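Per the UniProt record's numbering, residue 1 is the first one in the sequence shown, and the count goes up by one each step. We treat Cβ as the ideally placed atom computed from N, Cα and C, and that holds for glycine. Quick caveat: nothing in here was measured; it's all calculated off a predicted structure.
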Amino acid sequence: MPDFSQINPSAKKTGLVSFDEVKAHAGRDSCWVVIGDKVWDVTSLLPNHPGGTNAILEQAGTDVTLAPGLPTNSFVHRRLFDRLHSHDVLDLLPPGSLVGYVDQDTLPKIVHDDPLTEEELRILKARESLPPPSAALNLKDIERFAQQVLTETAWAYYSSAGDDEYTLHENSAAFKRYWFRPRVLNKVSRVSTSTTLFGSETSLPIFIAPAALARLGHPGGEVNMVRVAGEEGIVQGISNNASCSLDEIVSARRPGQPLVFQLYMNRERAASEALVRRVEREGFNAIVLTVDAAVPGKRERDQRAKGNYSGIVPNGSSPPAGKGVAHAISGYQDPDVDWADVKWLQSITSLPLILKGIQCVEDAELAFENGVQGIVLSNHGGRELDFAPAPLTVLHELQHKRPDLVRERDVYIDGGVTRGTDVLKALCLGAKGVGLGRAFLYGNGVWGEDGVRRVIEIMRGEIETGMQLMGVTSIKDLKPELIRYVDRDLPPIASR
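This is the structure we're talking about:
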């Protein structure tokens, strides 16, 4: 935690730091910001911030959190800190960074009366004509609405993928090469979609995949998802880079509600260990270690949305290459994680360990040989290595080469899911459960809690209908013999 004993001596004398003093520290040599009710010296971060020096200098000498008086449900507030970071990241600042407490009486009173930007006006107009959640008949509808109402930054971060985005599209295209072999004349008036995921009972074979920065789309952020997941009885993964703090998330959780925590290994192992201990204390059900993102992928749409250096770069100098939101939140991640770290993580926690990001049969075998309790076949939603295989393709290969692992171990999958029938195809191939990430970010960004709920309603309806038309009544009935791979159209039947 920040060392409050090392508050700036001058601030101790008066007890409070005026906002005028904060504004006086708005350069490279001394850079202060207001976060919540405190003033922080972030000068040491300037050369090392993964989003670039300008990401901080643009906000130097200002209040970077949502200004008092601005509605918490505002979709046009411009304070990026609360949308990019939870306040937990302040624990990582070096000792002495806390300057003191800001004098609230000196803060600007009407920051929210500044003229709205062109983008903010666009968003307000789009939201005025936004239909109710029931107007979205499928997940693609929700995605289209999200593109209309999200900020450029949010849309670029959520939708972007690596390089030319071939893997992003292949993730979805892979599902289209599998066709069902329905069985008929079965009684299907009642079907059960309940199953067990991550050791917990769930009403659907889907889970909310851990994804960062839900507050970029809606001020409620991950808390919206926690509340709805609890109501609907599904499992949620909480991202290491969530924009809501653990305190906020745990406070919104229902008693006994299953949550799993996604972890990126910190360069400082002590920080990762402290986080794991905290997650254990809060009663999370599993640790999900991401292993497919040693470094951030080159997400060009995300990078293009972060290119504003006006007023920051001196005349005649070249601005640093914009790296986007992904880089801005990933600087702490260790690119040198190996199998020894998996063993180390197991040694410090009794929680089940799941490896997320397995992309070949060989690593699936190694994962279980190293004693993990489960794996998620994933390529990070196509956001890392372009031309990485689609998770469904890896699942098929695993079912072919190591059916024992699929049968006896917990194998999950995420990426490219847009229909309930996609979920059913993955389950037929042996997946224990299926994660959706972007769909929930989009739903949350459009309608908040109601949008998250609409995603679940759509998936529940499509999964139930698909099962009935396939002739099955429970998740355990979904077997490989109910699906076949069709790489191309069948040859025409010769005329006789």
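Residues near residue i in its chain [Cβ-Cβ closer than 8 Å; skip 5 each side]
i	result
residue 267	332, 333, 334
residue 9	Low confidence applies to residue 9: its pLDDT is 49, below 50, so where it sits in the model is not reliable, and the reading given next is rough at best. For residue 9, where only same-chain residues beyond five positions count, there are no Cβ hits under 8 Å.
residue 177	485, 486, 487
residue 480	399, 428, 429, 430
residue 314	Here the model assigns residue 314 a pLDDT of 33, short of 50, so the residue's position is not dependable, and the following value carries that caveat. If we look at residue 314 and ignore the five residues flanking it on each side, it has no Cβ neighbours.
residue 228	449, 452, 453, 456
residue 461	420
residue 401	361
Which listed residue (the options) has its alpha carbon closest to that of residue i
i	options	result
residue 430	418, 417, 406, 421	406
residue 341	449, 360, 98, 289	289
residue 234	208, 253, 254	208
residue 298	220, 383, 291	383
residue 38	135, 165, 152, 101	101
residue 186	478, 437, 493, 471	471
residue 204	475, 493, 482, 483	475
residue 435	413, 426, 445, 450	413
residue 280	265, 248, 351, 305	351
residue 386	395, 348, 300	300
residue 523	370, 152, 175	Nothing about residue 523 can be reported from this structure: the residues present for the chain run from 1 to 496 only.
residue 135	126, 128, 145	145
residue 458	248, 287, 232	232
residue 201	259, 165, 222	259
residue 365	345, 394, 56, 24	394
residue 248	220, 97, 158	220
residue 498	40, 190, 265	There is no way to answer for residue 498, as the model of the chain reaches only from 1 to 496.
residue 94	43, 426, 160	43
residue 28	19, 47, 378	47
Own chain residues within Cβ distance below 6 Å of residue i, not counting five before or after
i	result
residue 374	354, 410
residue 455	439, 440, 443
residue 466	420, 421, 424
residue 78	Note that residue 78 has pLDDT 48, beneath the 50 cutoff, so the model's placement of it is unreliable and the number below is only indicative. Correct list: empty, nothing qualifies.
Any non-hydrogen atom of the ligand GTP within 7 Å of residue i CB
i	result
residue 241	This structure does not include the ligand GTP; it has no bound ligands of any sort.
CB-CB length for residue i against residue j, believed under 8 Å
i	j	result
residue 415	residue 391	5 Å
residue 357	residue 376	7 Å
residue 163	residue 107	Not confirmed; about 44 Å, so no contact.
residue 197	residue 433	4 Å
residue 380	residue 293	5 Å
residue 468	residue 188	4 Å
residue 463	residue 180	So it is not a contact: roughly 13 Å between Cβ atoms.
residue 445	residue 150	5 Å
residue 250	residue 282	5 Å
residue 174	residue 167	Not confirmed; about 10 Å, so no contact.
With 16 other Cβ atoms within 10 Å as the buried cut-off, status of residue i
i	result
residue 486	exposed
residue 224	buried
residue 91	exposed
residue 143	buried
residue 117	exposed
residue 155	buried
residue 137	exposed
residue 368	buried
residue 308	Residue confidence is low: residue 308 scores 41 on pLDDT, short of 50, so the model does not pin down where it sits. Its coordinate-derived value is still stated next. Classification of residue 308: exposed, given that the 10 Å Cβ count is below 16.
residue 104	exposed
residue 310	Because residue 310 sits at a pLDDT of 36, beneath the cut-off of 50, its placement in the model cannot be relied upon, and the following sentence gives the value as read from the coordinates. Exposed, since its Cβ has fewer than 16 Cβ neighbours within 10 Å.
residue 317	Caution applies to residue 317, whose pLDDT of 37 falls short of 50 and renders its modelled position unreliable; the value that the coordinates give is listed next. So residue 317 ends up on the exposed side.
residue 256	exposed
residue 295	exposed
residue 72	Because the pLDDT at residue 72 is just 46, under 50, the model does not fix this residue reliably, and the value given afterwards should be weighed accordingly. Exposed, because fewer than 16 other Cβ atoms sit within 10 Å of the Cβ of residue 72.
residue 493	exposed
residue 270	exposed
residue 478	buried
residue 61	buried
residue 498	No information on residue 498 is available, as it lies outside the stretch 1 to 496 that the chain covers here.
Counterpart residues of residue i in DSSP-defined beta bridges
i	result
residue 266	333
residue 286	260
residue 374	354, 410
residue 100	39
residue 164	Residue 164 is not bridged to any residue.
residue 192	474
residue 450	In DSSP, residue 450 forms no bridge with anything.
residue 201	196
residue 32	41
residue 208	236, 436
residue 456	None, per the DSSP bridge assignment.
residue 178	485
residue 64	Bridge partners of residue 64: none, in fact.
residue 17	102
residue 26	31
Contact set for residue i: own chain, Cβ-Cβ below 7 Å, skip 5 residues either direction
i	result
residue 418	139, 140, 172
residue 254	230
residue 210	237, 238, 239, 262, 288
residue 45	56
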